[in-house]
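So for the sequence shown, the numbering used here puts the first residue at 5; every next one is plus one.
We put the CB at the ideal spot given by N, CA and C, even for glycine.
Just below is one structure, and these are the notes that go with it.
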Amino acid sequence: VLENVVLDADRVPDFDDGSLTENTRCAYPLDFIPNASKTGRAGHPKNIIMLTADAFGVMPPIARLTPAQAMYHFLSGYTAKVAGTEKGVTEPEATFSTCFGAPFMPRHPSEYGNLLRELIAHHGVDCWLVNTGWTGGAYGTGKRMPIKATRALLAAALDGSLNGADFRTDANFGFDVPVAVAGVDRAILDPRSTWDDTSAYDLQAARLVGMFAINFEKFEPHVDAIVLGAAPRMREAAE
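Have a look at this one:
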């Protein structure tokens, strides 16, 4: 079953035609997937991946999160609305959607956040924030994160090899970012270095950090000091 997919004169899908919407969907039987589980159940995951699309061009392509940082970013739900996902959206817009799905959360977000944090810590799960947004600049000047790089980083995270990499602490967000990963251009792992004007990057980063702070004010009474300490911080001085 195809949704919003254009068919040519011979009723063959034309997946390059985005005239209806850029956001198309397809549904097919589960037995089309050779390694699918018929039970739909599995054990606890070894890795949790949170996806964001940073339209500011500030965030790295991947970051390793502590349980407190995972709760902070889960509650924040930062990403960008992209063309085709909502009516009237023609270019990326920064947005915060609690738990990355605010309309579907009937209980207070802190309950989901605390549960996630507890399960991550209890089961020793590695948590990663993956950014598929822009690099080298914000939307309009930068370019989309290369999908090959995203795939290579995800593969390294899932097979465990990424934990053996050298990490740096991001000056704005405080999370760990790998310095070098096989098959990935080293430059994109340090977003600031991809900007022609690093001062402009610092201003953009400060803007985004400020947006995080304003958005998280509503959660501050519901989280402990450790989670509050996981919040992004303004860069004290340009490097």
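According to DSSP, what are the bridge partners of residue i?
i: Thr173; result: Asp180
i: Lys85; result: Glu97
i: Asn139; result: One point to set straight first is that residue 139 is Thr, not Asn, in the sequence displayed. BP columns for Thr139 point to Lys147.
i: Val134; result: Leu55, Ile66
i: Leu6; result: Cys30
Just how far apart, CA to CA, sit residue i and residue j?
i: Trp253; j: Val10; result: This structure does not reach residue 253, given that the chain is present from 5 up to 243, and the question cannot be answered.
i: Ala159; j: Val227; result: 33 Å
i: Arg148; j: Val213; result: 21 Å
i: Pro33; j: Thr43; result: 14 Å
i: Val129; j: His48; result: 8 Å
i: Asp18; j: Lys50; result: 38 Å
i: Val2; j: Gly105; result: Lying before the first or after the last residue shown, residue 2 is absent from the chain, which here runs from 5 to 243.
i: Ala241; j: Ile151; result: Here Ala241 scores only 42 on pLDDT, less than 50, and its place in the model should not be relied on; the value that follows carries that caveat. For Ala241 and Ile151, the distance between alpha carbons rounds to 32 Å.
i: Gly22; j: Asp14; result: 18 Å
i: Phe171; j: Met109; result: 34 Å
i: Gly164; j: Ala184; result: 15 Å
i: His126; j: Leu120; result: 10 Å
i: Ser203; j: Val188; result: 25 Å
Taking 7 Å as the cut-off, decide whether the C-beta atoms of residue i and residue j are in contact.
i: Pro236; j: Phe216; result: yes
i: Met75; j: Gly117; result: yes
i: Val5; j: Ala31; result: yes
i: Ile192; j: Trp132; result: no
i: Gly61; j: Gly146; result: yes
i: Thr25; j: Ala57; result: no
**Asked** At which residue ranges does the stretch 91 to 120 contain complete beta strand (DSSP E) runs of 3 or more residues, listed in the order of the chain?
**Response** 97 to 100
**Complete runs of the beta strand (DSSP E) confined to the stretch 8 to 87 [at least 3 residues]** = 51 to 56, 66 to 69, 82 to 85
**Request:** Would you mind listing the alpha helix (DSSP H) stretches within the stretch 193 to 230 that are 4+ residues and don't spill past its ends, in chain order?
**Result:** Runs found: 202 to 220.
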